[in-house]
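Note sheet for the following structure.
There are 2 protein chains.
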Amino acid sequence: MAYDLWYWPGIQGRGEFVRLALEAAGVGYRDRARSDGVEALVDDLDRRSGIRPYAPPYLVDGDFCIAQVAHILAWAGEKHGFGAGDQAGDLQLIMLQLTISDIVAEAHNVHHPIAGDLYYEDQKDAAARAAENFREQRIPKFFRYFEDALSANDGPFVLGDRWSHVDTSLFQLVEGLRYAFPQRMKAIEGDYAKLIACRDAVAELDGIKDYLASERRLAFNEDGIFRHYPELDAA
Amino acid sequence: MAYDLWYWPGIQGRGEFVRLALEAAGVGYRDRARSDGVEALVDDLDRRSGIRPYAPPYLVDGDFCIAQVAHILAWAGEKHGFGAGDQAGDLQLIMLQLTISDIVAEAHNVHHPIAGDLYYEDQKDAAARAAENFREQRIPKFFRYFEDALSANDGPFVLGDRWSHVDTSLFQLVEGLRYAFPQRMKAIEGDYAKLIACRDAVAELDGIKDYLASERRLAFNEDGIFRHYPELDAA
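Residue numbers (numbering that gives the first Met the number 0), protein chains in the order written: chain D, 0 to 234; chain G, 0 to 234.
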C-alpha cells in the first residue's frame, strides 16, 4: 500500500516536511503531482467538496484525506511508529511541530511580507526590512527554543535516541535556513550545538541518506519557501 | 478542578479562541495573567525548561502543559466533549482549526507585515498594501473554504446540530474581522450565509451568551490580533 501525496511539483516547500518523515520511516507514497502534473493536482483539489484541504500538501488513502503539515505528521507518526508512542509524548511532539510550522510561515513571509500572490520583486523593500528582523530576532529566538527542547532528553533527537517527525522537520528547517541565509547561519550555528547535532543525526538515517541521494529530493530554488536572495542575507 | 490559562492580559488575542471553547463547554479555568498580572505570566514562562510553550496561550493542569491554540482545542475538545467524538471527525476538525490559525496569522500580518516586534506606525505603508490583498483575495478565499466545510452537514455547526471548537473559533474569526474590517465585512457577508449562521448559532449558546455579557470578555482593541485601523478597511 502507498499513500498519494499531493503537493506542488518543482519545489520542496511544505510538502518536503511530509516527504522526509515518510522517507525516513520507509513508508511508501506516490508524489502524484510530480508524476501526473500540476493540472492533476488542481483537478484533484477542485473535485473535493465539503471538509477538504485548504491547500496542498495533503495525503490521501482511499477515501481518507488529511491536510496541514503538522497534522499529517502527527497522524502518520502515530500510525507508522515515528511519534512518541504515548499520548503525553505525542502531545509534546505536536506542540513542537506546530512551532516549526510557525517559523516556516515566517520564513516565507520574509520574501513575501505584503502578500503571497504578489511577486517578490514588487515587495523587495518590505522584504529587506522583514529579513533583517527575521535574521537577527526571530531565528535566534526559535533556535533557542528548539535547543532547549533537544535538552529534554540526551539527544541527538528530541525523544533521545529515537527519531520522530519533529527531528526530520528540524533537519529541513536547518537545511532551508542554510540555503536562504548562508551568512547568517554560518555566524550563529555554533550557538546551537544540539540543533545541529539533531540535523546531522537525521542526515545519517538510512532512509534519509537514500532519499537525499535520489532524484526524489528536489533542489532548493527561488519558487519555494526557503529562497536565497543574497540581498536578504547578512551575518 | 479548573485549568490555569496563561495568556497576555488586556487583549483577546489568540487566547480568546481557547476561552470561547471552554466557556461554551462550561469548563472551569483561571485566567492567570488577568488575576496575577503580566509579570506572573513572564515568570511562569521563564521557569519552564525543556519542551515548553514557545509563547502564550498555554493551558496548565498540574504538571501537564499544552500550547498552540489548535492543539489545545483538539486536546480539550476530545477530553471535554466538544470534539467530534470519533477519530475521523476529530481529524477533520483539527484540519479546519489549523486553517483558522492560518487566517488568524494572516490577519495579524496585515498590520505587522514587516515584523511583529516593530510598531504599526513604522510599517503603515506595507500594511496598507497587505490589507488590500487580505480584504480582496484572502478573506473571500478562506470564507469560501469555511462555507464549504459548513455544507458538509446540515448546519448550523460544522458537525450539524452539535457545536465543536471549530464553531467557536469561526465565531471569533467573524467577530474579529467585523471589528477590523467593518466596511469589507458588510460588503461580503451576504455571500457566506452558512458561516454567518454558524456565528449566530454560537452566539446563542448558553455559555457564550453568559460569557459575552460578562467582564471576562474583553473588548477588541488595537493591541490585539484584530485591529481596527480605518485606513486599512474598505468595502
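Ideal placement from N, C-alpha and C gives every residue a C-beta, glycine not left out. Since this is a predicted model, take the numbers as computed values, not measurements.
Residue span of the beta strand (DSSP E) that contains residue i, given as start and end
| i | result |
| --- | --- |
| D/Val-59 | 57–60 |
| D/Ala-66 | 63–66 |
| D/Asp-30 | 28–30 |
| D/Cys-4 | Checking the sequence shown, residue 4 of chain D turns out to be Leu, not Cys. D/Leu-4 -> beta strand (DSSP E) spans 2–5. |
Whether residue i touches residue j by CB criterion (9 Å)
| i | j | result |
| --- | --- | --- |
| D/Ile-99 | D/Phe-219 | no |
| D/Tyr-28 | D/Leu-44 | no |
| G/Asp-166 | G/Ala-200 | yes |
| G/Phe-225 | G/Tyr-178 | yes |
| G/Ala-73 | G/Leu-58 | no |
| G/Ala-87 | G/Ser-163 | no |
| G/Arg-216 | G/Asp-30 | no |
| G/Tyr-2 | G/Tyr-119 | no |
| D/Gln-122 | D/His-107 | no |
| G/Pro-56 | G/Gly-14 | yes |
| D/Met-0 | D/Asp-60 | yes |
Of the listed residues the options, nearest to residue i (C-alpha basis)
| i | options | result |
| --- | --- | --- |
| D/Glu-221 | D/Val-109, D/Pro-52 and D/Pro-55 | D/Val-109 |
| D/Gly-206 | D/Phe-81, D/Phe-141 and D/Leu-92 | D/Phe-81 |
| D/Pro-52 | G/Asp-101, G/Gly-36, G/Gly-12 and G/Gln-171 | G/Asp-101 |
| D/Leu-211 | D/Met-184, D/Trp-7 and D/Gln-11 | D/Gln-11 |
| D/Gly-49 | D/Asp-35, D/Cys-64 and D/Pro-56 | D/Cys-64 |
| D/Ala-23 | D/His-227, D/Gly-76, D/Arg-13 and D/Arg-31 | D/Gly-76 |
| G/Asp-116 | D/Phe-145, D/Lys-140 and D/Trp-7 | D/Lys-140 |
| D/Ala-234 | D/Ile-187, D/Tyr-228, D/Arg-216 and D/His-227 | D/Ile-187 |
| G/Ser-34 | G/Gly-9, G/Ala-148, G/Lys-78 and G/Arg-13 | G/Gly-9 |
| D/Gly-175 | D/Pro-55, D/Gly-25, D/Leu-204 and D/Ala-104 | D/Ala-104 |
| G/Lys-208 | G/Glu-230, G/Ala-20 and G/Glu-146 | G/Ala-20 |
| G/Arg-46 | D/Trp-7, D/Asp-89, D/Glu-131 and D/Asp-147 | D/Asp-147 |
| G/Glu-131 | G/Ala-151, G/Gly-189 and G/Arg-183 | G/Arg-183 |
| D/Phe-180 | D/Gly-36, D/Leu-231, D/Lys-78 and D/Asp-85 | D/Leu-231 |
| D/Asp-190 | D/Asp-62, D/Tyr-6, D/Phe-145 and D/Gly-159 | D/Phe-145 |
Contact with chain D by residue i, beta-carbon distance below 9 Å
| i | result |
| --- | --- |
| G/Val-157 | yes |
| G/Ile-138 | no |
| G/Asp-101 | yes |
| G/Gly-49 | yes |
| G/Thr-167 | no |
| G/Leu-231 | no |
| G/Asp-147 | yes |
| G/Gln-182 | no |
| G/Ile-65 | yes |
| G/Arg-46 | no |
| G/Trp-7 | no |
| G/Ala-75 | no |
| G/His-70 | yes |
| G/Pro-112 | yes |
| G/Arg-128 | yes |
| G/Ala-200 | no |
Within-9 Å CB hit, residue i to chain G
| i | result |
| --- | --- |
| D/Tyr-53 | yes |
| D/Tyr-144 | yes |
| D/Ala-151 | yes |
| D/Met-94 | yes |
| D/Arg-13 | no |
| D/Asp-116 | yes |
| D/Arg-226 | no |
| D/Phe-141 | yes |
| D/Phe-170 | no |
| D/Ala-104 | yes |
| D/Asn-108 | yes |
| D/Asn-132 | yes |
Delimiting residues of the alpha helix (DSSP H) encompassing residue i
| i | result |
| --- | --- |
| G/Asp-199 | 192–202 |
| D/Phe-142 | 138–148 |
| D/Gln-96 | 86–110 |
| D/Leu-19 | 14–24 |
| D/Arg-47 | That residue, D/Arg-47, is in no alpha helix (DSSP H); it is neither H nor E in DSSP. |
| D/Gly-206 | 205–212 |
| D/Asn-220 | It is not in any alpha helix (DSSP H) - D/Asn-220 carries neither H nor E in the DSSP assignment. |
| G/Ala-179 | 164–179 |
| G/Glu-131 | 123–132 |
Interface residues of chain C facing residue i [CB-CB closer than 9 Å]
| i | result |
| --- | --- |
| D/Leu-194 | Reference to chain C is not applicable here, since the protein chains of this structure are D and G. |
The ligand MG heavy atom lying under 8 Å from the CB of residue i
| i | result |
| --- | --- |
| D/Phe-63 | Only the bare structure without any ligand can be found here, which leaves the ligand MG out of the picture. |
- Using 8 Å as the threshold, is the segment 146–164 of chain G in touch with the segment 186–205 of chain G, meaning 3 or more CB pairs across them? With a cut-off of 8 Å, the segment 186–205 of chain G and the segment 146–164 of chain G count as touching, because enough Cβ pairs lie within range.
- Message: Assess contact between the segment 126–133 of chain G and the segment 39–57 of chain G, defined as three or more Cβ pairs (one per stretch) separated by less than 8 Å. Is contact present?
- Response: no
- Item | the segment 161–173 of chain D / the segment 131–139 of chain D touching (three or more Cβ pairs under 8 Å) | no
- Between the segment 65–79 of chain D and the segment 88–97 of chain G, are three or more C-beta pairs nearer than 8 Å? Short answer: they touch.
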